[in-house]
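Letter by letter, the sequence shown follows residues 56 to 642 in our numbering.
Note that CB positions come from ideal geometry on N, CA and C, so glycine has one too.
Since we're looking at a predicted model, the values are computed, not measured.
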Amino acid sequence: MCGIFGTIGKRDNALSLVVEGLKKLEYRGYDSWGVTADVDGELFIDKHVGKISTVGTSRFEGIKSNMAVGHSRWATHGGVTDINAHPHFSHDRKVAVVHNGIIENYHEIREELGRDKFISETDTEVIPQLISHYLKTMEFKEAVLEATRRLKGRYAIVALHVGDHQLIAARRGSPLIVGVGNGEYFLASDIPAFLEYTQDVMYLNDNEMVVVNDHVEFINIETGELVEKRLINIDWKAESAEKGEYDHYMLKEIMEQKDTIHRAINQDSEEIMEIVKAIQAARGCFFSGCGTAGKVCMVGEYFFSIVADRHVNYAPASEFPIYHHFLKPESLLVVVSQSGETADVLEAMEVAKKKGTKVLSLINVGSSTIARQSDYSLLINAGPEKAVASTKAATSQMALLLLIAYAVNGELQEGRRVLAEVAGKINDMLNPRFLNYIKSVAEAIQKHENAYIIGKAQNYPIALEAAIKIQEVSYVHAEGFAAGELKHGPIALVTEGTPCISLIANDEVKDDILNNTIELKARGAHIIGIAPEKHEVFDDWIKVPDVGVASPLVNIIPIQLLAYYISICRGLDPDMPRNLAKSVTVK
Ligand code: F6R
Numbered sequence: 056m057c058g059i060f061g062t063i064g065k066r067d068n069a070l071s072l073v074v075e076g077l078k079k080l081e082y083r084g085y086d087s088w089g090v091t092a093d094v095d096g097e098l099f100i101d102k103h104v105g106k107i108s109t110v111g112t113s114r115f116e117g118i119k120s121n122m123a124v125g126h127s128r129w130a131t132h133g134g135v136t137d138i139n140a141h142p143h144f145s146h147d148r149k150v151a152v153v154h155n156g157i158i159e160n161y162h163e164i165r166e167e168l169g170r171d172k173f174i175s176e177t178d179t180e181v182i183p184q185l186i187s188h189y190l191k192t193m194e195f196k197e198a199v200l201e202a203t204r205r206l207k208g209r210y211a212i213v214a215l216h217v218g219d220h221q222l223i224a225a226r227r228g229s230p231l232i233v234g235v236g237n238g239e240y241f242l243a244s245d246i247p248a249f250l251e252y253t254q255d256v257m258y259l260n261d262n263e264m265v266v267v268n269d270h271v272e273f274i275n276i277e278t279g280e281l282v283e284k285r286l287i288n289i290d291w292k293a294e295s296a297e298k299g300e301y302d303h304y305m306l307k308e309i310m311e312q313k314d315t316i317h318r319a320i321n322q323d324s325e326e327i328m329e330i331v332k333a334i335q336a337a338r339g340c341f342f343s344g345c346g347t348a349g350k351v352c353m354v355g356e357y358f359f360s361i362v363a364d365r366h367v368n369y370a371p372a373s374e375f376p377i378y379h380h381f382l383k384p385e386s387l388l389v390v391v392s393q394s395g396e397t398a399d400v401l402e403a404m405e406v407a408k409k410k411g412t413k414v415l416s417l418i419n420v421g422s423s424t425i426a427r428q429s430d431y432s433l434l435i436n437a438g439p440e441k442a443v444a445s446t447k448a449a450t451s452q453m454a455l456l457l458l459i460a461y462a463v464n465g466e467l468q469e470g471r472r473v474l475a476e477v478a479g480k481i482n483d484m485l486n487p488r489f490l491n492y493i494k495s496v497a498e499a500i501q502k503h504e505n506a507y508i509i510g511k512a513q514n515y516p517i518a519l520e521a522a523i524k525i526q527e528v529s530y531v532h533a534e535g536f537a538a539g540e541l542k543h544g545p546i547a548l549v550t551e552g553t554p555c556i557s558l559i560a561n562d563e564v565k566d567d568i569l570n571n572t573i574e575l576k577a578r579g580a581h582i583i584g585i586a587p588e589k590h591e592v593f594d595d596w597i598k599v600p601d602v603g604v605a606s607p608l609v610n611i612i613p614i615q616l617l618a619y620y621i622s623i624c625r626g627l628d629p630d631m632p633r634n635l636a637k638s639v640t641v642k
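Printed below as a string of structure tokens:
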């Protein structure tokens with residue numbers, strides 16, 4: 056949530072560089088943007104409501120500076136206004152700060168420093184004011200150190216002080232990475248922002264500060280001691296974080312599922328077996344994640360039951376802390392997260408660690424905080440996912456959970472075989488005819504304000520996930536139900552022509568869900584059947600391959616495409632849905 060990008064070094068067009076970097080982070084927040092630089096000893100600030108993607112490359116041409124910082128905002132404290140946009144600055148306009156996170160004690164600090172000095176409604180403004188306050192008696196570095204020691208809550212910040220040729224960044228709970236280029240440095244919330252300049256990074260951990268000028272110096276905020284860091288090379292290619300031939304990241308990422316399942320299951324057998332041992336030894340295994348990743352965990356619950364005969368408990372990460380009563384050193388928490396930065400997941404991990412419970416994570420961003428703080432971590436290797444709506448990461452996560460379930464049952468090779476077949480079938484599915492058919496179904500649904508989705512067994516969580524996908528990118532009110540629950544209330548919502556999607560597989564619950572679909576039809580619903588075989592109850596039939604227990608992996612694909620095309624038909628931007636951000640780093 057919120058994108059931060061800063062640079063210092065050899066180029067004198069730092070402001071333009073920052074704008075271009077922020078455009079690559081816009082998926083993190085896009086209600087307003089702002090940049091700052093030290094231009095001839097004065098603080099230059101430009102900040103506005105709106106998307107950074109609309110800012111032209113020539114806007115800062117001719118404004119020379121080799122050090123600049125910018126921010127793309129997802130509002131938490133204070134409405135979406137020019138004044139509340141970042142950077143925020145001290146009342147003497149000497150210090151500017153961009154921030155991602157929430158400062159919990161901002162009220163108290165604001166009162167202490169004098170309310171009349173403040174012009175915005177944000178929590179962030181206390182940071183430059185506090186640094187400025189300490190600057191009366193200290194150097195910039197000490198002032199930032201002192202200020203960060205006062206902050207409660209989560210933050211990633213970058214601070215700039217006029218006349219000081221250095222950028223200072225600090226973090227606790229929100230992501231920030233240092234990109235190390237040739238004669239230049241970058242500070243960013245995520246790697247794609249600087250991938251075209253460097254693949255070499257250094258990680259800033261929680262409670263650390265970094266001073267960047269012609270070299271970098273990492274400092275432990277609590278002790279003030281220097282911290283040694285290693286240079287790490289990231290093997291992501293700049294092109295993999297671009298849209299390429301596609302109009303939107305969402306469509307590109309849906310199409311990439313032709314390859315991503317292969318990459319997810321291509322795991323080192325020894326690592327998988329180490330994880331299998333941890334799962335087998337655990338007395339009490341919990342799955343947790345948020346949103347789509349949470350629905351993946353629910354699918355995993357079914358996979359473990361069906362394939363491995365094993366019971367696991369799922370709880371959304373935001374609800375997980377209450378389960379601390381059941382956690383023991385012998386328990387295992389398995390967390391699923393694309394970004395590896397989700398605040399609720401980090402909190403669930405904190406709760407588990409306090410009880411001595413080990414944590415296994417399935418992550419896409421290997422450099423992320425969750426990956427680094429886990430006892431075991433497996434990468435899903437889906438490559439950068441930039442559309443706010445998660446697609447390829449979700450199928451890769453499901454594939455990996457299914458592979459682990461097979462491995463727990465002593466059938467790792469069988470798991471690989473099943474999933475390789477699924478990957479091949481997804482490749483066949485994603486052809487132009489299939490896409491065009493789904494587009495035509497989307498054109499019909501987009502005229503409705505409500506849509507309902509039903510699923511059973513491992514396709515029940517897919518019904519919930521389908522609702523998330525459709526809601527978030529098309530704003531159609533979609534709800535997912537366990538098929539058997541319909542007659543206990545929700546069926547009252549169905550009227551003549553209401554679009555209802557039924558997710559069916561060739562499995563032991565097929566006849567039950569077909570009966571539930573017929574009940575919907577009897578109330579006038581327009582039935583869209585996603586199924587391997589045609590049935591007379593379907594008004595529209597979206598054919599999916601028969602892949603047995605792995606059906607969630609193929610049933611979700613037409614749903615992702617439906618959500619995408621409904622959004623397009625409604626004239627919306629599926630990559631940047633309103634009120635959302637890709638990486639949710641606040642609780
Ligand atoms: C919806 C979506 C979100 C994320 C959720 C968790 O399409 O993408 O629901 O799944 O915010 O994010 P990660 O996986 O990064 O922890």
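Between which residues of its own chain and residue i is the CB-CB distance below 6 Å, once the five residues before and five after are set aside?
i	result
Leu-608	Thr-450, Met-453 and Val-477
His-132	Thr-177 and Asp-178
Phe-241	Thr-62, Gly-234 and Phe-249
Lys-79	Pro-247 and Ala-248
Ile-573	Val-592
Val-199	Ile-186, Ala-214 and Ile-223
Start and end of the beta strand (DSSP E) containing residue i?
i	result
Gly-355	It is not in any beta strand (DSSP E) - Gly-355 instead sits in the alpha helix (DSSP H) that spans 346-363.
Cys-624	Element bounds for Cys-624: not the beta strand (DSSP E) but the alpha helix (DSSP H), 606-624.
Tyr-431	431-434
Ala-646	Here the chain has residues from 56 to 642 only, and residue 646 is not among them.
Ala-586	581-586
Gly-64	58-64
Glu-97	97-104
Thr-91	87-94
Asn-368	368-371
Glu-263	263-267
Quick one: residues in its chain with C-beta nearer than 8 Å to the C-beta of residue i, no 5 flanking neighbours on either side, listed in chain order?
i	result
Val-473	Leu-457, Tyr-461, Val-602, Gly-603, Val-604 and Ala-605
Asp-255	Gly-234, Val-235, Gly-236, Leu-286, Ile-287, Asn-288 and Ile-289
Arg-633	Tyr-530
Ala-69	Thr-62, Ile-63, Ala-92, Ser-120, Asn-121, Met-122 and Ala-123
Give every residue of the same chain whose Cβ lies closer than 7 Å to the Cβ of residue i, excluding the five residues on either side of it in the sequence, and list them in chain order.
i	result
Ala-497	Leu-617, Tyr-620, Ile-621 and Cys-624
Gly-282	Sequence inspection shows Val at residue 282; the Gly mentioned does not correspond to that position. The answer, listed in chain order, is Glu-263, Phe-273, Ile-274 and Asn-275.
Taking the alpha carbon of residue i as the reference point, which residue from the options has its own alpha carbon closest?
i	options	result
Val-267	Ser-229, Gly-61 and Lys-350	Gly-61
Glu-280	Gln-254, Val-265 and Pro-600	Val-265
Pro-384	Gly-479, Asn-155, Cys-340 and Met-353	Cys-340
Lys-652	Asp-219, Asn-288, Lys-149 and Asn-486	Given a span of 56 to 642 for the chain in the structure shown, any question on residue 652 remains unanswerable.
Val-213	Arg-226, Asp-219 and His-220	Arg-226
Gly-64	Gly-236, Trp-291, Glu-75 and Ala-296	Gly-236
Ala-506	Ile-568, Ser-445, Gly-579 and Lys-441	Gly-579
Ala-636	Asp-86, Lys-524 and Ser-71	Asp-86
Asp-245	Ser-127, Lys-191, Leu-185 and Arg-338	Ser-127
Val-135	Ile-327, Thr-109 and His-103	His-103
Phe-7	Met-56, Pro-554, Ala-403 and Asp-364	Residue 7 falls outside the range modelled here, since the chain spans only 56 to 642, and no answer is possible.
Gln-184	Tyr-210, Ile-223, His-143 and Leu-200	His-143
Phe-173	Ser-145, Phe-195, Ile-186 and His-188	Ser-145
Asn-538	Asp-566, Pro-632, Gly-111 and Gly-84	Sequence check: residue 538 is Ala here, not Asn. Ranking Asp-566, Pro-632, Gly-111 and Gly-84 by Cα distance to Ala-538 puts Asp-566 first.
Lys-284	Tyr-258, Lys-298, Asp-302 and Ser-295	Tyr-258
Leu-433	Asp-219, Tyr-378 and Leu-455	Leu-455
Provide the residue span of the alpha helix (DSSP H) that contains residue i, from first to last.
i	result
His-126	Not the alpha helix (DSSP H): His-126 falls in the beta strand (DSSP E), residues 122-128.
Pro-183	181-190
Ala-69	69-78
Arg-427	424-428
Glu-277	Glu-277 -> no alpha helix (DSSP H), and no H or E assigned at all.
Lys-298	Looking at the DSSP string, Lys-298 is not in any alpha helix (DSSP H), and its letter there is neither H nor E.
Ser-108	Careful: Ser-108 lies outside any alpha helix (DSSP H) and carries neither H nor E.
*Touching or not, the region 197-208 and the region 155-167, by the rule of three or more beta carbon pairs under 8 Å?*
yes
*Taking contact to mean at least 3 C-beta pairs separated by less than 8 Å, is the region 331-340 in contact with the region 306-318?*
no
_Under 5 Å, CB to nearest heavy atom of the ligand F6R: contacting residues_ = What you get when you keep residues with a C-beta closer than 5 Å to any heavy atom of the ligand F6R is Cys-345, Gly-346, Thr-347, Ala-348, Ser-392, Gln-393, Ser-394, Thr-397, Ala-444, Ser-445 and Val-639.
*Is it a yes or a no for the region 314-331 touching the region 347-365, going by three-plus beta-carbon pairs under 8 Å?*
no
*Given 8 Å as the limit, is there contact between the region 531-545 and the region 487-494, that is, 3 or more CB pairs closer than that?*
no
*asked:* Would you call the region 560-571 in contact with the region 365-385, where contact means no fewer than 3 C-beta pairs closer than 8 Å?
replied: no
*asked:* I'd like to know if the region 337-352 and the region 368-375 are in contact, where contact means that at least 3 CB-CB pairs between them fall below 8 Å.
replied: yes
*Say whether the region 492-506 touches the region 388-406, bearing in mind that this needs 3 or more beta-carbon pairs closer than 8 Å, one atom from each stretch.*
no
_Contact between the region 142-160 and the region 113-123 (3+ Cβ pairs under 8 Å)_ = no
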